[in-house]
Amino acid sequence: MQTEKNCPFSIEEYAGQDVQLEFRTYGIDTYNWNWWDVFEVKISAYFDHDLTITSITGPTKITVLETGTWSLQVENLGSEIQDAYSIQLFDLKTGELVGTIENPGSIEPQQMLSFNFDWSSSAAYNTAFYGVVVMDGDQFTTNNVSESKFVRIEPDIDFNILVWDNDNGIVTVVDPDKGDDIEPSKGLTRALDDAGFEYDIFYVFAGQFKRL
Numbered sequence: 002m003q004t005e006k007n008c009p010f011s012i013e014e015y016a017g018q019d020v021q022l023e024f025r026t027y028g029i030d031t032y033n034w035n036w037w038d039v040f041e042v043k044i045s046a047y048f049d050h051d052l053t054i055t056s057i058t059g060p061t062k063i064t065v066l067e068t069g070t071w072s073l074q075v076e077n078l079g080s081e082i083q084d085a086y087s088i089q090l091f092d093l094k095t096g097e098l099v100g101t102i103e104n105p106g107s108i109e110p111q112q113m114l115s116f117n118f119d120w121s122s123s124a125a126y127n128t129a130f131y132g133v134v135v136m137d138g139d140q141f142t143t144n145n146v147s148e149s150k151f152v153r154i155e156p157d158i159d160f161n162i163l164v165w166d167n168d169n170g171i172v173t174v175v176d177p178d179k180g181d182d183i184e185p186s187k188g189l190t191r192a193l194d195d196a197g198f199e200y201d202i203f204y205v206f207a208g209q210f211k212r213l
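Numbering follows this note's numbering, in which position 133 of the sequence shown is assigned residue number 134; successive positions increment by one, without gaps.
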């Protein structure tokens with residue numbers, strides 16, 4: 002099998018077999034081979050029956066007894082209409098089932114539907130929600146669980162957050178989500194921003210405590 006750069010090709014005829022992919026390069030001399038790299042290989046599979054959760058959206062914080070609404074987006078990646086399936090939302094910290102929707106209706110191939118869940122809490126704590134789509138006969142279950150979304154049920158108390166940037170502009174950590182190199186203080190502020198917290202940030206400059 003030969004193909005050009007960024008040119009996809011089908012390996013359907015090799016279904017059920019072990020396949021090895023070979024990459025070759027050509028040039029006038031060996032100098033043309035230097036710095037020739039394969040950066041990424043993607044293999045896409047298409048099934049008759051395959052549902053996935055593409056995203057979860059909703060508030061990052063609510064107060065005690067306040068009702069919030071979270072939405073799960075489900076897509077039919079298969080080639081057949083799906084009628085019998087269920088959508089579930091879980092609390093990651095407690096392991097409890099927040100809600101479930103049984104057989105909400107047909108979903109066409111390549112169609113995306115959104116399903117809402119309302120929830121409130123009588124206790125204050127930090128957790129995360131994630132969704133699961135369940136379907137008998139799903140041929141690819143690896144994509145049936147969504148990423149988790151941080152949720153904070155705020156206590157009825159006053160608090161202030163101070164971030165002290167003493168990194169001196171030195172990049173020492175890698176953001177596990179974005180993959181970029183950042184200062185530790187930047188990692189803290191990103192987490193606070195994602196959680197919807199307000200905060201003050203100060204840094205040390207020439208021995209002085211300065212507010213950003």
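The beta-carbon is built from N, C-alpha and C at its ideal position, and this holds for glycine as well.
No experiment lies behind these values; they were computed from the predicted model shown.
Practice item. Tell me whether the beta-carbon of N184 lies closer than 8 Å to the beta-carbon of D168. Key: Before going further, note that residue 184 is Glu rather than Asn in the sequence given. It is a contact, given that the beta carbons lie within the stated cut-off.
Review point. Are the CB atoms of G170 and S147 nearer to each other than 8 Å?
Key: no
Review point. Apart from the five residues on each side of it in sequence, which residues of its chain come closer than 8 Å, Cβ to Cβ, to I82?
Key: S107, I108, E109, P110
Check your understanding: So the alpha helix (DSSP H) R191 belongs to, where does it begin and stop?
Key -> 185–196
Review point. Given 8 Å as the limit, is there contact between the segment 137–155 and the segment 114–126, that is, 3 or more CB pairs closer than that?
Key: yes
**Study point:** Beta bridge counterpart(s) of F91 as assigned by DSSP
**Key:** L98, Y131
Practice item. Note down, in chain order, each residue of its chain lying with its Cβ closer than 6 Å to the Cβ of F48, except the 5 sequence neighbours on either side. Key: G79, Q140, F141
**Study point:** Distance between I88 and W71 (C-alpha atoms, nearest Å)
**Key:** 12 Å
Check your understanding: Taking Cβ to Cβ, would you say M113 is nearer than 8 Å to T55?
Key -> yes
Check your understanding: If we count the other Cβ atoms within 10 Å of its Cβ and call it buried at 16 or more, is N145 buried or exposed?
Key -> buried
Check your understanding: Closest by CA to G96, which one among T68, A129, Q74, E103?
Key -> A129
Exercise for review: Would you tell me roughly how many angstroms separate the C-alpha atoms of V172 and K150, rounded to the nearest one?
Suggested key: 27 Å
Point to revise | Distance CB(V175)-CB(D182) smaller than 8 Å | key: yes
Review point. Nearest-angstrom Cα distance between I12 and V42?
Key: 13 Å
Exercise for review: Tell whether a beta-carbon distance below 8 Å holds between V134 and T53.
Suggested key: yes
Check your understanding: Rounded to a whole number of angstroms, what is the C-alpha to C-alpha distance between G69 and G59?
Key -> 7 Å
Exercise for review: On the DSSP bridge assignment, give the partners of T53 in chain order.
Suggested key: E76
Point to revise | Contact under 8 Å by Cβ, A196 with K62 | key: yes
**Study point:** Reduced DSSP category for Y47 - H, G, I as helix; E, B as strand; rest coil
**Key:** coil
Check your understanding: Where does T4 sit, in a helix, a strand or coil, going by DSSP?
Key -> With a pLDDT of 47 at T4, under the threshold of 50, the modelled position of that residue is not reliable, and no figure is offered here.
Practice item. Leaving aside the five residues before and after N117 along the sequence, list all residues of the same chain whose C-beta is less than 6 Å from its C-beta, in chain order. Key: T70, S72
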